[in-house]
Amino acid sequence: MSETQSMESVIALAKQAQDKLKREKQLHQVRLQQSRQQAKVKSHSQSNDQKQEQKNNSNSTTPTTKSLYLFAQFDLIFGALWERQHYQDQNKLTAYIEKWNTILDNIPQRYIEIACEKMSMMPQKELRWIPRFGDFLGLCNQVRPQELGFLSTRLAYAEAYILVKQPQKHPNQHWSHPVIFVTATTLFNKEKPNHSINKSEYAIFKGLYIENIKRFLNGESFPNPTLVQHSLTHKPKRSASLANSHLSKLKAQFTKA
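Anchor point for the sequence shown: position 195 equals 195 in UniProt numbering, and the numbering is continuous, going up by one each time.
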């Protein structure tokens, strides 16, 4: 092989090597770009997952205003016993807070306050542990209307009965509270009677009254009561035959005279 041919072969091999290196470099750039893109997508996905997880944790572990009030009362009443109640497992703590949030959701704040007052006045021997969910609900159910600023159930029932059943004796009388008015109109509704064979009228009134008090304290608006209207009593109409009979008797008396 001549020197010229050898030189051309070397140049050709060098060119092939350069082309191969160039292709490998381009391939490396493509792979690097793909790798960066995948890493970016993965990072974005993880970031979204972390944000969602943080959001979920934030929502689930945040006590509501009612729960915070109750926990503060537990701290005041039970002291060290409440401080020792902690959860190393975050999931258990989250479940505990969520349970209280759910239970207290429909209970009026005033009910919770009075239940806590009752709890604080219990004998020390009855405060050996933090109340369970059902225990505290029991305290709330013991709250009576008069402790909330309403008439007692018996007085409210007496007012409802008199103003609905005997309106003629109390014309233009004002109802003492919208809750009693709404309860009375519901109970004594002739179109939709609320009577039961197994319950007395008073027992039905009591259930409706307590439920309406809770709705009122939770912010529901009630219609203003109307004035008690005087109910006119009409004498029954006499039949035509009875009238004719009386007329015949009168005519007979005048004929004899």
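No residue lacks a Cβ here, since even glycine has one placed at the ideal position from N, Cα and C.
In this text, all values refer to a predicted model and were calculated from it rather than measured experimentally.
- Annotation: residue 126 to residue 214 spans about 28 Å, alpha carbon to alpha carbon.
- In the three-state reduction of the DSSP assignment, residue 182 falls in the helix class.
- Its Cα nearest to that of residue 65, the residue 98 stands out among 118, 98, 79, 88.
- Residue environment: residue 62 is assigned as exposed (fewer than 16 neighbouring CB atoms within 10 Å of its CB, all protein chains considered).
- Pairing residue 209 with residue 168, the inter-Cα distance amounts to about 24 Å.
- Residue environment for residue 200: exposed (fewer than 16 other C-beta atoms within 10 angstroms of its C-beta).
- In this structure, the CA atom of residue 140 is about 12 Å from the CA atom of residue 148.
- As the crow flies, the alpha-carbon of residue 143 is around 15 Å from that of residue 134.
- With fewer than 16 other Cβ atoms from the protein chains shown falling within 10 Å of its own Cβ, residue 224 counts as exposed.
- A residue is called buried once 16 or more other Cβ atoms fall within 10 Å of its Cβ, and residue 183 is buried on that count.
- For a cut-off of 8 Å, the C-beta gap from residue 218 to residue 108 is around 5 Å, short enough to register as a contact.
- If you look at residue 164, you'll find it in the alpha helix (DSSP H) that goes 153–165.
- The Cβ-Cβ distance between residue 180 and residue 156 falls below 8 Å.
- The continuous stretches of alpha helix (DSSP H) do not include residue 106, and DSSP gives it neither H nor E.
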